[in-house]
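Protein chains: 2
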Amino acid sequence: MSGKVVGRLLGAGDGRLSGLGAAICEGVAPLLGDGSRMVGVARTAGGLTSTEGQVKKASAKVEFIPVVLDLGVASKADMENALKSAFGGANVPSPSRVLIFHNAGSLGSLKYLKDQVDQQHVQHSVVTLNALFMGMVRSLAPSAAIEVINISSLCAVQPFKSWGLYCAGKAGRDMLFKVLAAEEPNVTVLNYAPGPLDNDMQMIARTETADDGLRSVFSSMKNEGKLLPCSTSVGKLIDILNSKKFKSGDHVDYYDE
Amino acid sequence: MSGKVVGRLLGAGDGRLSGLGAAICEGVAPLLGDGSRMVGVARTAGGLTSTEGQVKKASAKVEFIPVVLDLGVASKADMENALKSAFGGANVPSPSRVLIFHNAGSLGSLKYLKDQVDQQHVQHSVVTLNALFMGMVRSLAPSAAIEVINISSLCAVQPFKSWGLYCAGKAGRDMLFKVLAAEEPNVTVLNYAPGPLDNDMQMIARTETADDGLRSVFSSMKNEGKLLPCSTSVGKLIDILNSKKFKSGDHVDYYDE
Chain D
3 MSGKVVGRLL GAGDGRLSGL GAAICEGVAP LLGDGSRMVG VARTAGGLTS TEGQVKKASA
63 KVEFIPVVLD LGVASKADME NALKSAFGGA NVPSPSRVLI FHNAGSLGSL KYLKDQVDQQ
123 HVQHSVVTLN ALFMGMVRSL APSAAIEVIN ISSLCAVQPF KSWGLYCAGK AGRDMLFKVL
183 AAEEPNVTVL NYAPGPLDND MQMIARTETA DDGLRSVFSS MKNEGKLLPC STSVGKLIDI
243 LNSKKFKSGD HVDYYDE
Chain A
3 MSGKVVGRLL GAGDGRLSGL GAAICEGVAP LLGDGSRMVG VARTAGGLTS TEGQVKKASA
63 KVEFIPVVLD LGVASKADME NALKSAFGGA NVPSPSRVLI FHNAGSLGSL KYLKDQVDQQ
123 HVQHSVVTLN ALFMGMVRSL APSAAIEVIN ISSLCAVQPF KSWGLYCAGK AGRDMLFKVL
183 AAEEPNVTVL NYAPGPLDND MQMIARTETA DDGLRSVFSS MKNEGKLLPC STSVGKLIDI
243 LNSKKFKSGD HVDYYDE
């Protein structure tokens, strides 16, 4: 992902742009070539504005395009319009490499399954977004190398008490991206589990997890300084992407190897 | 699952009660003791009526209680009322063993992910139903042995082209039941992949699967007589439950061992 390799970059993340999402933008920016574009998608404008500042500081070569969109409720037309306004226009140069980061971090309810009687499981429109995005990239740049990175979790492969909805969501998401890898042999797909991050999500995990044992594990990790800075995990993610040692569709954890 | 072991049985399946769901009811009925209750939950009454007839033929000892309920849209109150009317009443004897079968077989759209731009992923209220059901069973029969069987699929562990939504749903569902197994050490949970069944679902698979290669695999299996009768797969499921050789939460396939 050196400046020489990357001609232009189009990037999109979903969810709130803070914590890991912002760290991905900040960490990737310095590696991009002149004229690269980075599109940040988030539910609210606040995080996007601060992320734009971080990206500008990290690299003067990258244009950051903020898109406010709640993928939990956005329609196909909403997404299409947002993507067109971000990537459209005759003056947009054709990208040679495209990275799409999916970072949907919503924890949902952290209760035991037996107590989940009023849960509503929000479905993110990740499939629709991917379909629209890839269609658009292909019409703009038929020969662009596309890499799709799904921010996964240890919860995708291991059950955790009182985290049932989150685990199920992450497991289903991983499989969705495995299918994408099978369907699209020219797209590189990575399910990356970033490790336990020192971010807002972990703060919620420490306080709201219903299971006493798991909640105290989260507290201990914080107290013993075992949580990872988001930037550290992003560094590892970039190493993994550059190493190309994974098979498209694989689940790779921060702690692997 | 002999008549001696099972005192009473309460069973619930979700989805349309036909094919595998009906075969489960029919296959399990002869193994149940006198006074057992079997509750069938389905979206429409038609399949329930024919299943009731099959169960009566299979065993005179079992009372079949049809419940028409669409779990895709049912509220918590709908489910609670349906369960109460099926299991309530002072004259209902306390069960010693309870089996819950989850058989949600909706295939959804069988298109490539890149073409899935208008999909709506229906979330079955499996979590809510389980929570209500287990709460009710425990108040009725605190010492009943509870077994929960999720009808899973090879699609839960292996990606198939143009089956992305189904694969993701099954993978997520498997994980949900793994978490249930972790949370409830006194409940036995099995994720059972029934193999390729000679049922309506396979007919849809043969005709509607977008991926040419996969569609022709399905056709070949049908033409070469490799699809399993539902009753054969149910027989294997009963063997697995009786053998107790699996660990609670495991994914076990018809072809395993």
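Chains as they are written, first to last, in our numbering: chain D, 3 to 259; chain A, 3 to 259.
Ideal placement from N, C-alpha and C gives every residue a C-beta, glycine not left out.
- Assigned with DSSP and collapsed to three states, SER87 (chain A) falls in helix.
- Of all alpha-carbon atoms in D:LEU239, D:ALA47, D:VAL254, D:PRO161, the one lying nearest the alpha-carbon of VAL69 (chain D) is that of D:ALA47.
- Note on geometry: alpha-carbon atoms of LEU239 (chain A) and TYR194 (chain A) lie some 7 Å from one another.
- Boundaries for PHE248 (chain A): no beta strand (DSSP E) harbours it, and the DSSP string shows neither H nor E there.
- Cβ-Cβ distances below 7 Å link LYS113 (chain A) to SER164, ALA212 in the same chain, with the five nearest sequence neighbours on each side left out; the list follows chain order.
- In this structure, the alpha-carbon of PRO231 (chain A) lies about 31 Å from that of MET81 (chain A).
- CA-to-CA, the gap between SER222 (chain D) and VAL191 (chain D) works out to about 33 Å.
- Apart from sequence neighbours up to five positions away, the residues of its chain that approach LEU156 (chain D) with a beta-carbon distance below 7 Å are ALA195, ASP255, ordered along the chain.
- For SER38 (chain D), there is no enclosing alpha helix (DSSP H); the enclosing beta strand (DSSP E) has its first and last residue at 38 to 44.
- The count of Cβ pairs closer than 8 Å, one atom from the segment 26 to 33 of chain A and one from the segment 242 to 255 of chain D, stays below three, leaving the stretches out of contact.
- Using a Cβ distance threshold of 7 Å, SER98 (chain A) and ALA31 (chain A) do not count as a contacting pair.
- With 16 or more other Cβ atoms inside 10 Å of its own Cβ, SER38 (chain A) counts as buried.
- DSSP places LEU199 (chain D) in the strand class (E or B) of the three-state scheme.
- Residue burial is scored here from C-beta neighbours: SER61 (chain A) has at least 16 other C-beta atoms within 10 angstroms and is therefore classed as buried.
- Between PRO187 (chain D) and the set D:ILE242, D:PHE162, D:VAL150, the nearest pair of CA atoms involves D:VAL150.
- Taking C-beta atoms as the reference points, TYR168 (chain A) and LEU73 (chain A) fail to come closer than 7 Å.
- In this structure, DSSP gives LEU229 (chain A) a state outside helix and strand, which the three-state scheme calls coil.
- Looking at the backbone, the Cα of MET177 (chain D) and that of ALA158 (chain D) are separated by about 9 Å.
- Burial is judged here by how many other beta carbons sit within 10 angstroms of a residue's own beta carbon; VAL75 (chain A) has fewer than 16 and is exposed.
- The C-beta of CYS169 (chain A) comes closer than 7 Å to at least one C-beta of chain D.
- When only Cα atoms are considered, TYR257 (chain D) and SER218 (chain A) end up about 41 Å apart.
- One Cα belongs to PRO161 (chain A), the other to GLY215 (chain A), and the distance between them is close to 14 Å.
- According to the DSSP assignment, PHE162 (chain A) belongs to no beta strand (DSSP E), since it is labelled neither H nor E.
- Straight-line measurement puts the Cα of ILE67 (chain A) at about 6 Å from the Cα of MET40 (chain A).
- Per DSSP, ILE26 (chain A) has no beta-bridge partner at all.
- Counting only Cβ-Cβ distances below 7 Å, LYS180 (chain D) has contacts in chain A at PRO161, in chain order.
- Contact note: GLY174 (chain D) reaches chain A through ALA170, GLY171, ALA173, GLY174, using a C-beta cutoff of 7 Å and chain order.
- Residues of chain A whose Cβ lies closer than 9 Å to the Cβ of LYS86 (chain D) do not exist; the shortest such Cβ separation is about 14 Å.
- The beta-carbon of GLU185 (chain A) is placed less than 7 Å from the nearest beta-carbon of chain D.
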